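>
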Ligand code: NAD
Ligand code: UDP
């Protein structure tokens, strides 16, 4: 049994990860400041003897004794990370320094949840881990994507200079149960709009692409990476099957049996045109690849949204 800290553990991905770690019998400390995370996401774990919930903001240091740290704390949706951009970059920089300091002191293994946003609006397609990215350093997404790039730099410097045991994972668009209704991300927006018979808001002309990974697949990848010996990454984790935003809208309307139409809105600044992970490295180093197709994952997500929207 290992003592495992999950920062951002009450959030969307973090809560699914905590659930799996608790099931696996690990001793889990879930740390969150509840900005975008919810106690309800982990309420079912509170009575488990190997689960502990801690309110803390990672921009402040924390003293704990742990073996492993999954470092996920950071708002992930553009609506949330742009709400207070200074806080977002502080979370990425100061928060990651605090986690690296903790890992260094207690000799814990630290995994950073980085993002495909480090590739910015990519000029290479699909994106491999060797691609350095095309990122605007002064735009409205920079607090997040440059924040994560600095977080990766900090991880590598602590690894080279202080021999901290690090792992870097670049997560591509992930969706599933427990996403917030007002999250602003495309999958949750479309499902909620379709269920409310409102028009689905397509930004731009809908020809931009994303590759959507179901949360259970992503969590399996995080766990495999944490256990992989002598491999720091960065490694891409995502579903390589690419869809346009218009295709996604059609699927959501069909699967919710909705009468909604679509309506076109202005494309946000710096919105990437195409995004698709090359997951060769994850396949070969981790023996990982996604199992859940978008249609299946959407059905599971819609079922959980339905339960919640009427609750
Ligand atoms: P989320 O917003 O649901 O979860 C983030 C969690 O971190 C929330 O519970 C929030 O309250 C907490 N948090 C934020 N700032 C904090 C702080 N200063 N101190 C303590 N807790 C704080 O988002 P998510 O989708 O679950 O994303 C989790 C991680 O995965 C993030 O680091 C994100 O950048 C990364 N990621 C997610 C995706 C995706 O598609 N979901 C894609 C790429 C990367
Ligand atoms: N998007 C959209 N309608 C929405 C929300 C998002 O068309 O209601 C688009 C958005 O412009 C982007 C894609 O869907 O091109 C994915 O957006 P999301 O915020 O989910 O993820 P990210 O841009 O961070 O990949």
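Residue numbers (this note's numbering): 6 to 316.
Each residue gets a CB set at the ideal place from its N, CA and C atoms; glycine is no exception.
Quick caveat, the model's predicted, so the values are computed rather than measured.
#1: Measuring from the CB of residue 181, is there a heavy atom of the ligand UDP at a distance below 7 angstroms?
#2: How big is the Cα-Cα spacing for residue 67 and residue 243?
#3: Please give me, in chain order, every unbroken run of the beta strand (DSSP E) with length at least 3 that falls completely inside the segment 194-266.
#4: Can residue 261 be considered in contact with the ligand UDP, in the sense that its beta carbon sits closer than 7 angstroms to one or more heavy atoms?
#5: Quick check: what's the CA-CA separation for residue 235 versus residue 134?
#6: Measuring CB to CB, does residue 99 end up less than 8 angstroms from residue 74?
#7: So is residue 300 buried or exposed if we call it buried at 16+ other beta carbons inside 10 Å?
#8: Assuming contact is defined by CB atoms lying nearer than 8 angstroms, are residue 238 and residue 230 in contact in what I supplied?
#9: So, residue 250 versus residue 213, is the Cβ gap smaller than 8 angstroms?
#10: For residue 139, collect the residues of the same chain with a Cβ closer than 8 angstroms to its Cβ; drop the 5 residues on either side in sequence, then sort them by chain order.
#11: Enumerated in chain order, which unbroken segments of the beta strand (DSSP E) with a length of 3 residues or greater are wholly contained in the segment 8-89?
#12: Do residue 297 and residue 180 have their beta-carbon atoms positioned less than 8 angstroms apart in this structure?
#13: Taking 7 angstroms as the cut-off, does the CB of residue 12 come closer than this to any heavy atom belonging to the ligand UDP?
#14: Among 33, 61, 50, 295, which residue has its Cα nearest to the Cα of residue 71?
#15: Round the Cβ separation of residue 282 and residue 87 to the nearest angstrom and send it over; I've been treating them as touching at under 8 angstroms.
#16: Checking the sheet assignment: what are the DSSP bridge partners for residue 120?
#17: If I measure Cβ to Cβ from residue 186 and keep anything under 7 angstroms in the same chain, skipping five residues before and after, which residues do I get?
#18: Taking C-alpha atoms, which residue in 308, 280, 226, 256 lies nearest to residue 289?
#19: Let's see if you can read the secondary structure: which residues bound the alpha helix (DSSP H) around residue 151?
#20: With burial defined as no fewer than 16 other Cβ atoms inside 10 Å of the residue's Cβ, what is the status of residue 26: buried or exposed?
#21: Consider the C-beta atom of residue 120 and the heavy atoms of the ligand NAD; say whether any pair is separated by less than 7 angstroms.
#22: For the segment 142-162 against the segment 300-309, are there 3 or more C-beta pairs whose distance is under 8 angstroms?
With the given structure in hand:
#1: By 1-based counting over the chain shown, the position of residue 181 is 176. Residue 181 Cβ: outside cutoff for every heavy atom of the ligand UDP.
#2: Within the chain shown, residue 67 is the residue found at index 62, counting from 1. Within the chain shown, residue 243 is the residue found at index 238, counting from 1. Roughly 31 angstroms between the two C-alpha positions.
#3: 205-208, 214-216, 240-242, 247-249
#4: Translated into positions along the chain shown, residue 261 becomes position 256. No; taking the cut-off as 7 angstroms, the Cβ of residue 261 has no heavy atom of the ligand UDP nearer than that.
#5: As a first step, residue 235 must be located in the chain shown, where it is residue number 230. As a first step, residue 134 must be located in the chain shown, where it is residue number 129. So the two alpha carbons sit approximately 17 angstroms from each other.
#6: Along the chain shown, one-based indexing puts residue 99 at 94. Along the chain shown, one-based indexing puts residue 74 at 69. Result no, Cβ atoms of residue 99 and residue 74 do not sit closer than 8 angstroms.
#7: Within the chain shown, the letter at position 295 stands for residue 300. Classification of residue 300: exposed, given that the 10 Å Cβ count is below 16.
#8: On the chain shown, residue 238 is found 233 positions in, with the first residue counted as 1. On the chain shown, residue 230 is found 225 positions in, with the first residue counted as 1. Against a cut-off of 8 angstroms, the Cβ pair of residue 230 and residue 238 comes out as a contact.
#9: Along the chain shown, read from residue 1 onward, the residue named residue 250 stands at position 245. Along the chain shown, read from residue 1 onward, the residue named residue 213 stands at position 208. Cβ atoms of residue 250 and residue 213: closer than 8 angstroms.
#10: In the chain shown, counting from the first residue as 1, residue 139 sits at position 134. Cβ neighbours of residue 139 beyond the five flanking positions: 124, 125, 126, 127, 128.
#11: 8-12, 32-37, 56-60, 73-76
#12: Start at 1 with the first residue of the chain shown, and residue 180 comes out as number 175. Start at 1 with the first residue of the chain shown, and residue 297 comes out as number 292. No; because the gap between Cβ atoms is not below 8 angstroms, this pair is not in contact.
#13: Position 7 of the chain shown, counted from the first residue, corresponds to residue 12. Incorrect: residue 12 has no Cβ contact closer than 7 angstroms to the ligand UDP.
#14: On the chain shown, residue 71 is found 66 positions in, with the first residue counted as 1. With distances taken between Cα atoms, residue 71 lies closest to 33.
#15: Position 277 of the chain shown holds residue 282. Position 82 of the chain shown holds residue 87. With a Cβ gap of about 24 angstroms, residue 282 and residue 87 do not count as contacting.
#16: Along the chain shown, read from residue 1 onward, the residue named residue 120 stands at position 115. DSSP output for residue 120 lists 176 as bridge partner(s).
#17: Taking the first residue of the chain shown as position 1, residue 186 is located at position 181. Only 193, 197 meet the Cβ criterion.
#18: To locate residue 289, count along the chain shown from 1; it is residue 284. Measuring from the Cα of residue 289, the nearest candidate turns out to be 226.
#19: By one-based count along the chain shown, residue 151 stands at place 146. First-last of the alpha helix (DSSP H) with residue 151: 147-167.
#20: In the chain shown, counting from the first residue as 1, residue 26 sits at position 21. With 16 or more Cβ atoms within 10 Å of its Cβ, residue 26 is classed as buried.
#21: For this step, residue 120 is matched to residue 115 along the chain shown. Indeed, a heavy atom of the ligand NAD lies less than 7 angstroms from the Cβ.
#22: no
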